[in-house]
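Asks:
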Amino acid sequence: MSDVVERTLSALPALLGPQHPAAGPGRLPATSRLGSLIRSITALTSKHEEEKLIQQEIASLKAMVSAPTTTLRLMKECMVRLIYCEMLGYESSFGYIHAIKLAQQGNLLEKRVGYLAVSLFLHENHELLLLLVNTVVKDLQSTNLVEVCMALTVVSQIFPREMIPAVLPLIEDKLQHSKEIIRRKAVQALYKFYLIAPNQVQHIHDKFRKALCDRDVGVMAASLHIYLEMIKENSSGYKDLTESFVMILKQVVGGKLPIDFNYHSVPAPWLQIQLLRILGLLGKDDPRTSELMYDVLDESLRRAEINHNITYAILFECVQTIYTIHPKSELLEKAAKCIGKFVLSPKINLKYLGLKALTCVIQQDPNLALQHQMTIIECLDHPDPIIKKETLEILYRITNGQNVTVIVQKMLDYLREGKEEYAVVTLAGKVAELAEKYAPDNGWFIQTMNAVFSVGGDALHPDIPNNFLRLLAEGFDDRKEDEQLRTYAVRSYLTLLEEENTFYPQKFLQVMIWVLGEYSSLATDVDPEIILTRLHSLLKKTFVTSDTKAWIMAAVTKIASRTSCSKTIDKLIKEFSSSLDTCMRQHAFELKHLCEDKVLMKNLLPFDASCNDVVVDASLSFLDGFVVEGLSHGAAPYKPHHQRQEEKLSQEKALNFEPYGLSFASSVSSSGITGRQSPTGLSFGSDTSGNSAETGHKETNTLKLEGIRKLWGKEGYLPKKESKAGKPDEPQAASCDNLLAGRVTDPSASQSDQVSSFSEEEKEKQQLASTLFVGLGSNAGVSLMGKMDVATQKFKRKSKINETQNSEEASDIQNSDASTFGPLLDTVPVNKEDCEGNKHTRLRKPSLCSSDTVEDNLAFETPQSLKKPGLNDRLSDSRLSPLSLFADSNIEIFQPSSSALCESANKTSSVPSLPKELEELPHSEVVELCQSDALALYLCKVWKDDSLLLAVFASNKKGSALNAVNLVFEKAEHFQILESPAHQFSVIEAQSVEHCQKYVWMDKICTQGILPGSISYQSEMESCLEFSVTLSLLDFIRPMEMTTEDFGKLWLSLSNDVKQNIKMLPSQDSLSAALSTLQQKLKLHIVDIIGNEGILACQLLPSVPCLLHCRTYSGMLALWFRSPCSALPDGLLYQCQKVMEES
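Residue numbers (the working numbering): -3 to 1139.
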């Protein structure tokens, strides 16, 4: 227990009231009970013991607060203990309503605890807050200052937006109160209202001005929060207050405030920071207003000389304000010196502060980067990743056409080492932007984008691949350069797809596929049959998602339109015409019919027409005859969308008497015993939908982890993660070392003489500085992010459509059907909602076949999983010589290295399949669990009558044998592995597959759970892969055959039951149809159907029965489950609801 908590506990007696030494052991005082609980928890040795103790405490508190004899004083003590239990992360929602009652009924001390509990328990959108509004209104009208303060405090913390008008007049009156604490809390409440509902406080802006001029410093400081927000929205409306803010800052800096506001001898530091931010907003691009601030900013810089963290914060805000307002040379010099002190400081925090300030001001003064260039170079190799990241941000802002290759290389190096997904995604977007803006040649641009796609993987923002494809599609001003870039991309991607057993991120695969589909004909020396064969082989890969397969089919269709005949296309059509995947089957049929009419196919899929507009008849006038004929036969006329919505809303205004559906947890506690009655002779007299055992009141005090994938373990991230022993063999995701080699500019002659006297390390730093900061001199045209670039952009897009269309389509970047492509990283949305494109106002010819987002499968969840073998070698080895790219206007063909060819010749794909004795049993598809460069692990579920069989396949991908391969399933909470959970393969020969079988039972009821495991093997060194298998309740349910008589006897002997009414869909027009759906989806056995009633039976392996009685009435299906296991009926009812809604 930390010292802070101990000090807090020592202050609790004042909150809980006076102690009673004479109290007997049966009636301990409040402090003793809470202290005893805390001491008991601190003495425990495990989390399990803590959970058990807290559950006992919560059960005791629940009984105590529900007892009618509990006094308000005892209720206050219970609230404090509930707050402590909630603080530890245990739910105590039963006490929320009692906290509100305590705030309504108690005396001052009890009301204070009630308000405290409410503010900690509830959020501002909680429905119970409505019960507190009347209490707040009453306390705001009270003559007791303490009650008014408590009400204002609650209002400023949590208060429903729709109830603001009920208290707003009362709070306005409190701005004129004689006590300063009331006025200050009233201003804080109005600040809260401004944040959640600014329109409701616009009429009292004049009262904010009075608060700014209040005689109490606290009231004035509270009003600054409101003004900071208002000035951010509209600074021009508050220019007249600049002198007031300057005067306040002068008084604060001059020490005119009471000493109570000092912090480490610094006068009101947080007040200074707030005022500096306000002045920066008011003085931006305004010379006249900025002149009023110069003196006070100079004074602030001069007085902030104490070596303390808070003074560093004030200096940082001063520097930002000085560079934000209209510049003054004297202040800029002082601010530059201040930044230099920060950057050169040996303390990491101050160094980061200096780099952050340098990042903010580098656009106004790029020479600052030249002054500290050696420090920036040293920060690139700093062990702290935050320092390194901020340094890269500085380099990003000073990038130009002369230093882009070196800066991009540094960014890619950081990306390969990056662990944080957000940092990888953000930096990858910046690399893509720089690559488009300053690329020196086509080869460098394609290779850099390949590195971005491979390192960033499926976590990349969707705009990056989409805009890259749009750049290729729209082209540039030079048609010849267009063909060169596209041809280079085609040859590059053909080479990357040569090796079969290589993992690529899905977004990278989609980029390759689209380019090959659109421009593969530019590679005239490559047979289209070879391209089709490689695309066909991709369709068989287990790691390729269904979305990517749709892209492949679209690319095959485009290539087929430019070829006369192809055996691969015929084979593909035959193979997927009978596929279980409806989308793939549809693509195959479309391809088949298009191949039968080549003329139509060429007209539909012209070459390089992805950016051409498609002229459509928006009114669908060609269907007029069909519509007239339908109306003449009595068809209903068409209703617009808004009319249908209005009719739907009008129908929904009526009272809805349908019962709510239960939302079941994955693990449910026991049900009570209900009365015995045979369902075979039962007629539902009352259509009750509640659980007879009151399942709605069940409570579970443990964390609900069922259905949550186990992604983290003791060793870190589980999917696709190898142990540390295997890390030396793990290649990087993409490398651009060779790509960028030879592009560094030599140092100048004047610097070379000076460098000769330094050590080798210093020479390297000097050379790197000369390449990073080239073009930042006073006479050089500096190209900064956010400013007009002097250097011409390498890839200047050519407008293939008229200007008005381009302006409309700039905001039409979509992920689905990627028919248009926006400028590369013109905007980088921050949240997911910003990533969604607007609806198209014009129809474009689709050229990318994909859904809105590419769903990541098990292997593609983090950038860590992108580091797969083989990709780096080809990105680094299979690379063009930079000097040969534009020699005689001929592009050198992108050829793989000899080592890659040898590796490709030695690798063959091993596709596991079930043994013959298991193929006839119902089973799932063979899915990949994990893989490395040496071994791949696959799994297939086989649903046997007596158990669930897991068939596990271990595939050796190397050319040499793997020894001591050990497969182990870890102990899981809900599942039991029959016999041994481990299996050892003594040896797995080269390019072969071994398998084992494990039988599993469900040990504890859950709707879905995780069975973790690992497999270790010995290759060059010992390696280990971790995996997880998702199992559901339905994997362990089997039909249970019995007669109607046996059903009735068993029904009477079962105690736990659950009832629920479910609305039947139109497709389920009869009881037999509904029962057939349940039989097929849930593996239930239909025992008998009598009229509108039916009975079904099933069992949970190995032998736990569950009976179901169904009855239809008024479009509803009444379900009644019974089982000896308390949680099984709830789990099956959840599955029934899910199945009936989906069917």
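Quick reminder that beta carbons are idealized off the backbone N, C-alpha and C, glycines included.
Note that the structure is predicted; figures quoted are calculated from it, not measured.
Given 8 Å as the limit, is there contact between the stretch 999 to 1007 and the stretch 1048 to 1059, that is, 3 or more CB pairs closer than that?
Replies: As far as the Cβ criterion goes, the stretch 999 to 1007 does not touch the stretch 1048 to 1059, which means the pair count is below three.
Asks: Below 7 Å CB to CB, which residues in the same chain sit around Met1038 once its five sequence neighbours on both sides are set aside?
Replies: For the purposes of this step, residue 1038 is taken as the residue at position 1042 of the sequence shown. The residues are Val1083, Ala1093.
Asks: Under 8 Å, do Glu924 and Phe499 count as touching if we go by C-beta distance?
Replies: Numbered from 1 along the sequence shown, position 928 holds the residue referred to as residue 924. Numbered from 1 along the sequence shown, position 503 holds the residue referred to as residue 499. The answer is no: Cβ separation not under 8 Å.
Asks: Give the range of the beta strand (DSSP E) segment to which Ile973 is assigned.
Replies: Here residue 973 is taken as the residue at index 977 of the sequence shown, counted from 1. Unbroken beta strand (DSSP E) run through Ile973: 971 to 973.
Asks: DSSP state of Phe441, grouped into three classes?
Replies: In the sequence shown, counting from the first residue as 1, residue 441 sits at position 445. Three-state result, Phe441: helix.
Asks: With a floor of 4 residues, list each alpha helix (DSSP H) that falls wholly inside the stretch 896 to 964, ordered by position along the chain.
Replies: Within the stretch 896 to 964, the complete alpha helix (DSSP H) runs of at least 4 residues are 912 to 915.
Asks: With 16 as the cutoff for other CB atoms within 10 Å, does Tyr265 come out buried or exposed?
Replies: Position 269 of the sequence shown holds residue 265. Sequence check: residue 265 is Pro here, not Tyr. Pro265 is buried by the Cβ-count criterion.
Asks: Could you tell me which residues DSSP pairs with Cys1094 in its beta bridges?
Replies: The count along the sequence shown starts at 1 and reaches residue 1094 at position 1098. Note: Cys1094 sits in a beta bridge opposite Pro1035, Cys1102.
Asks: Under three-state DSSP, which class holds Thr1108?
Replies: What you label residue 1108 is simply residue 1112 of the sequence shown in a count that begins at 1. Thr1108: strand per DSSP, three-state reduction.
Asks: Cα separation between Leu490 and Ile526?
Replies: In the sequence shown, the residue the question calls residue 490 occupies position 494. In the sequence shown, the residue the question calls residue 526 occupies position 530. The straight-line gap from Cα to Cα measures roughly 9 Å.
Asks: Determine the DSSP secondary structure at Met998, reduced to helix, strand or coil.
Replies: Position 1002 of the sequence shown, counting from 1, holds the residue named residue 998. Correct three-state label for Met998: strand.
Asks: Pick out whichever of Val183, Gln1075, Lys953, His1105 has its Cα sitting closest to the Cα of Met1136.
Replies: Position 1140 of the sequence shown, counting from 1, holds the residue named residue 1136. For Met1136, the nearest C-alpha among the options comes from Gln1075.
Asks: In the DSSP assignment, the beta strand (DSSP E) including Lys1059 goes from what residue to what residue?
Replies: To locate residue 1059, count along the sequence shown from 1; it is residue 1063. From DSSP, the beta strand (DSSP E) with Lys1059 extends over 1052 to 1059.
Asks: DSSP state of Leu1124, grouped into three classes?
Replies: By one-based count along the sequence shown, residue 1124 stands at place 1128. Leu1124: helix per DSSP, three-state reduction.
Asks: Go to Phe338, then tell me how far its alpha helix (DSSP H) extends in each direction, as first and last residue.
Replies: Your numbering for residue 338 matches position 342 in the sequence shown. Phe338 -> alpha helix (DSSP H) spans 325 to 339.
Asks: Return the CA-CA distance between Glu975 and Pro64, expressed in angstroms with no decimal places.
Replies: Numbered from its first residue, the sequence shown carries residue 975 at position 979. Numbered from its first residue, the sequence shown carries residue 64 at position 68. The alpha-carbon atoms of Glu975 and Pro64 are separated by roughly 54 Å.
Asks: Mapping DSSP to helix, strand and coil, what is Ala978?
Replies: Within the sequence shown, residue 978 is the residue found at index 982, counting from 1. Residue state, collapsed to three classes: strand.
Asks: If the criterion is Cβ atoms closer than 8 Å, does the pair Leu1080 and Leu1104 meet it?
Replies: Within the sequence shown, residue 1080 is the residue found at index 1084, counting from 1. Within the sequence shown, residue 1104 is the residue found at index 1108, counting from 1. Yes, the pair counts as a contact, with Cβ atoms nearer than the cut-off.
Asks: Out of Asn103, Leu104, Leu105, Met71, which has the shortest C-alpha to C-alpha gap to Ile93?
Replies: Within the sequence shown, residue 93 is the residue found at index 97, counting from 1. Closest option to Ile93, Cα to Cα, is Met71.
Asks: In chain order, what residues of the same chain have a beta carbon less than 6 Å from the beta carbon of Trp173, not counting five sequence neighbours either side?
Replies: Here residue 173 corresponds to residue number 177 of the sequence shown, with the count starting at 1. Rather than Trp, the amino acid found at residue 173 in this sequence is His. The residues are Arg179.
Asks: Roughly how many angstroms separate the alpha carbons of Gly214 and Tyr223, rounded to a whole number?
Replies: Your numbering for residue 214 matches position 218 in the sequence shown. Your numbering for residue 223 matches position 227 in the sequence shown. In a straight line, the C-alpha of Gly214 is about 15 Å away from that of Tyr223.
Asks: Quick one: what's got a C-beta closer than 7 Å to Phe981's C-beta in the same chain, skipping five residues either side?
Replies: The count along the sequence shown starts at 1 and reaches residue 981 at position 985. Only Ala950, Val961, Glu990 meet the Cβ criterion.
Asks: Name the residue from Ala546, Gln1056, Leu587 whose alpha carbon lies nearest to the alpha carbon of Thr564.
Replies: Position 568 of the sequence shown, counting from 1, holds the residue named residue 564. Closest option to Thr564, Cα to Cα, is Leu587.
Asks: Following the continuous alpha helix (DSSP H) through Gly110, name the residue where it begins and the one where it ends.
Replies: Position 114 of the sequence shown holds residue 110. First-last of the alpha helix (DSSP H) with Gly110: 104 to 117.
Asks: How about Cys1020 and Ser1028: do their beta carbons lie closer than 8 Å?
Replies: Your numbering for residue 1020 matches position 1024 in the sequence shown. Your numbering for residue 1028 matches position 1032 in the sequence shown. Contact flag unset, no.
Asks: Please say whether Ser219 and Phe241 have beta carbons closer to each other than 8 Å?
Replies: Within the sequence shown, the letter at position 245 stands for residue 241. Within the sequence shown, the letter at position 223 stands for residue 219. No, the Cβ-Cβ distance between Phe241 and Ser219 is not below 8 Å.
Asks: Per DSSP, which one or two residues make a beta bridge with Ile984?
Replies: Start at 1 with the first residue of the sequence shown, and residue 984 comes out as number 988. The partner list for Ile984 (beta bridge, DSSP) reads Leu958.
Asks: Three-state secondary structure (DSSP) at Arg1118?
Replies: Within the sequence shown, the letter at position 1122 stands for residue 1118. Arg1118 falls in the strand class under three-state DSSP.
Asks: Could you tell me the distance, in whole angstroms, from the CA atom of Cys1132 to the CA atom of Pro1035?
Replies: As a working mapping, residue 1132 is identified with position 1136 in the sequence shown. As a working mapping, residue 1035 is identified with position 1039 in the sequence shown. Looking at the two C-alpha atoms, the distance is approximately 15 Å.
Asks: At what residues does the alpha helix (DSSP H) containing Ser152 begin and finish?
Replies: Sequence index remark: in the sequence shown, residue 152 carries index 156 (1-based). Segment 141 to 153, the alpha helix (DSSP H) holding Ser152.
Asks: How big is the Cα-Cα spacing for Ala551 and Ser943?
Replies: Position 555 of the sequence shown, counted from the start, is the residue given in the question as residue 551. Position 947 of the sequence shown, counted from the start, is the residue given in the question as residue 943. Answer to the nearest angstrom: the Cα atoms are 44 Å apart.
Asks: Any idea if His979 is buried or exposed, counting beta-carbon neighbours within 10 angstroms, 16 or more meaning buried?
Replies: Locating residue 979 in the sequence shown gives position 983, where the first residue counts as 1. Flag for His979 reads buried.
Asks: Answer with buried or exposed for Phe1117, where buried requires no fewer than 16 other C-beta atoms within 10 angstroms of its C-beta.
Replies: Within the sequence shown, numbered from 1, the residue matching residue 1117 stands at position 1121. It is buried - the Cβ of Phe1117 has at least 16 other Cβ atoms within 10 Å.
Asks: Give a yes or no on contact between the stretch 360 to 371 and the stretch 319 to 337, applying the rule of three or more CB pairs nearer than 8 Å.
Replies: Output reads yes: the stretch 319 to 337 touches the stretch 360 to 371.
Asks: Going by DSSP, what residue range makes up the alpha helix (DSSP H) through Asp1084?
Replies: The residue labelled residue 1084 in the question sits at position 1088 within the sequence shown. Careful: Asp1084 lies outside any alpha helix (DSSP H), inside the beta strand (DSSP E) at 1081 to 1086.
Asks: Which residues bound the alpha helix (DSSP H) around Tyr1144?
Replies: Nothing about residue 1144 can be reported from this structure: the residues present for the chain run from -3 to 1139 only.
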